[in-house]
Amino acid sequence: MTDSSGNTVKVTLSSATKLTKTVTVGKARVRPGDTVVVQGLKNKSGTLAATSLSDSGASSSGGGSGSSSSGSSAAGRGGSSAVNSLFGAGNGG
364 MTDSSGNTVK VTLSSATKLT KTVTVGKARV RPGDTVVVQG LKNKSGTLAA
414 TSLSDSGASS SGGGSGSSSS GSSAAGRGGS SAVNSLFGAG NGG
């Protein structure tokens, strides 16, 4: 690997190393029960206009966690109506 200055850095991994790969997906890939961290601005009506959403997959505890000074976190169970409730109905995803 190389660092931001272009220097080669040797990195070792063990079986205890947690690897995470971030990929861009459409909103349809976010499923009820996933743990998400949302960042954005809340408008006067209380709706959060998300500027970013990070999904770490299904929650083992059924609850979400995370924090942001201008965001919130959530996890839930349910059908596609829960996804539509979170993101609004429509295509795109």
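Residue numbers (this note's numbering): 364 to 456.
The beta carbon of each residue, even a glycine, is placed where N, CA and C say it ideally should be.
Every value quoted in this text rests on a predicted model; they were computed, and no experiment measured them.
Counted within 10 angstroms of its Cβ, other Cβ atoms place residue i as buried (16 or more) or exposed
i: V401; result: buried
i: T398; result: buried
Helix, strand or coil at residue i [DSSP, three-state]
i: A391; result: helix
i: T375; result: coil
i: T380; result: coil
i: T398; result: strand
i: G369; result: coil
i: K405; result: strand
Limits of the unbroken beta strand (DSSP E) element including residue i
i: A413; result: 411-421
The ligand ATP heavy atom lying under 8 Å from the CB of residue i
i: T385; result: Although the ligand ATP was asked about, the structure shown includes no ligands whatsoever.
- Item | Touching by the beta-carbon criterion (3+ pairs, under 8 Å), the stretch 385-397 and the stretch 408-424 | yes
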